[in-house]
Structure formats: C-alpha cells, structure tokens
C-alpha cells in the first residue's frame, strides 16, 4: 500500500509550459485528500524555488507537507522550511569543482540553501532561467566568499549531453567523493557522495515512519535513478531516457504533457486500495 509518493518536476510532473496539467492535479488532490497519501516534490531545485508549484498544489507553507530539494541535499517541511535532513558538499571539493568548470569555460552554478551563484554565465542559461522567473547572482573569481556557507551542490551547464558526459568522464579523479548525475538535457550535477533523491526519499520516509516498500517514485532523468532504485514502486515516464526505464518497474503510456503522473497514481494508488 503506497503511503508516500516522491515525484520529479521537469519532464515529469510539469508539462512543456512548466505547468501541472489538470489530470495530474486532480489525481494528486484525490490521492492526498481521499487516500491519505503524502505527495512530495523531489527536485534538483532549492526548496524555495519550488514555491510556485507548491502553491498550485495547495501545499505552500503548510504543516506536515514536505520537499526533497537539491537532489536529496535537503529535506524540509513546507511550513517554515524546517530541515529534516541536510547534506552539504565539503567546501574544498566544491571549490575544486568550480575551479575546474571555470578552467574549461563552462557555465557553473553554485547552490547554497538560499542563493545560486553563477560563473561564466551565458545568454543561453540566462534565457533558460527566465522560464522559471529566476535570476542567479553572477560572479567572478573563486568561491572563497562562501567558505563559511554550506554549499549543497554544484552544476555545470550546457545544453549538450554528449559534451557533458565527456566532461564527466574526464573528471573521474576529481569527482571521487562526489555523486554525479545529469538532468534536463543541460545539467551535470555534483552532490556530496551518497547524496541523491534516493537518500532524500529514505530520509523522509524514515522521519515519517513509512517503510520503503510503501513508497513510490516517479521520474524521467538520470538524477531520478537514486529514488527509482530505492522506492517500493518505481515509475518512469514514457518520455524518460531508456536507462531510466530500465531501472523502473513501470513505464507510463502518457507523457509529461498528458498526465503520466496521474496514470501512475491511478494504477498504483486508486486501484490498489479503497479510499480511507
């Protein structure tokens, strides 16, 4: 019996317009209100950057509602962003990653709990961030000004996955002690070793006293693999990469534009048990 659903955002819950379709909204509402299921966003974004989606879902600033942010780097309650779990990168490692990214001329983004700092920012990424009504603080130099601030993750940004995979392959020694993942066809992501959405899901389920076999994860990209592997039920979107489908127990027929998340909820929540 599923009690907790962890769901990715981009190319999973959100359609191409970065909105939640009506079919998904209705299914999520029914799962929460009639079946008592916890629905949790699991995203690479910071917790505060998820606020517009939380508002749409009726979860913004609500008690006993939760977020898995920063690819599992932080788990918090929606009401006041009280931390349930927090996993930062060692500063020395973050500094090395940023220096390497700058040396190869790639756009680099550094995430703290409340801010994003960018290096080598370009017009493509500026335009991409506008889709989310988001602006990063553009910086030069090193990140010594953040030495007393927890850095949760570092991103390399380029809309070329083949190039990003080549970059990752060339960083094997540097990324020892780092969890490496990819997302949205443009991000190479670095979290602390062992930190991913799967750890975030485990952290949250443990805090809520929910067994992992009572969880479901829904995703489409490489940074979703961690939670798809540990969840009791794992669902890949039909628009997911083949590698993601391979680690999932079910692949939807509907894509992210047509209610794939609702399909998963209908199949594994509504048909598995009666409403509470």
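In the working numbering, the protein residues as written are 901 to 1176.
Positions of the beta carbon are idealized from the N, C-alpha and C atoms, including for glycine.
Note that the structure is a prediction, hence the values are computed from the model and not measured.
query	result
Per-residue DSSP class, three states only, for residue 931	helix
Candidates 1147, 987, 972, 936, of which the one nearest residue 1049 by Cα	987
Per DSSP, cross-strand counterpart(s) of residue 941	907, 967
Classification of residue 1063 by the beta-carbon crowding that lies within 10 angstroms, buried from 16 upward	exposed
Three CB pairs or more closer than 8 Å across the region 1129-1137 and the region 1093-1104	yes
Rounded separation between residue 932 and residue 1141 - CA only	29 Å
Coil, strand or helix - residue 1118 by DSSP	strand
Whole-number beta carbon distance between residue 999 and residue 1042, since they are thought to touch under 8 Å	7 Å
Ordered list of beta strand (DSSP E) runs contained in the region 1020-1059, each at least 3 residues	1037-1039, 1051-1057
Reference residue 991; option with closest CA among 965, 1115, 1047, 979	1047
Validate contact between the region 952-964 and the region 1083-1093 using beta carbons, cut 8 Å, 3 pairs	no
Assumed close pair residue 1166, residue 902 - CB separation to whole angstroms, cut-off 8 Å	Between residue 902 and residue 1166 the Cβ distance is about 12 Å, and since that is not below 8 Å, they are no contact.
Where the beta strand (DSSP E) containing residue 1079 begins and where it ends	1078-1083
Expected contact under 8 Å - CB spacing of residue 965 and residue 951 to nearest Å	Not quite, the Cβ-Cβ distance comes to about 12 Å (not below 8 Å), so this is no contact.
Span separating the alpha-carbon of residue 1161 from that of residue 906	11 Å
Rounded straight-line distance, which links the Cα of residue 911 to that of residue 1122	12 Å
Assumed close pair residue 1104, residue 1051 - CB separation to whole angstroms, cut-off 8 Å	Contact doesn't hold; Cβ gap of about 22 Å is too wide.
Local conformation of residue 1165 per DSSP, three classes	helix
Local Cβ density within 10 Å of residue 1144, reported as buried at 16 or more and exposed below that	buried
Whether residue 1053 touches residue 1019 by CB criterion (8 Å)	no
Closest by C-alpha distance to residue 1116, when choosing among 1092, 983, 1150, 1107	1150
Residue 985 - partner residues in DSSP beta bridges	975
Three-way DSSP call (helix, strand, coil) for residue 1089 in this model	strand
Helix, strand or coil at residue 1107 [DSSP, three-state]	helix
Buried or exposed (CB count within 10 angstroms, at least 16 for buried), residue 939	buried
Per-residue burial, residue 929 [other beta carbons within 10 Å of its own, 16 or more giving buried]	exposed
Nearest residue (CA-CA) to residue 1170, options 1035, 979, 1067, 927	927
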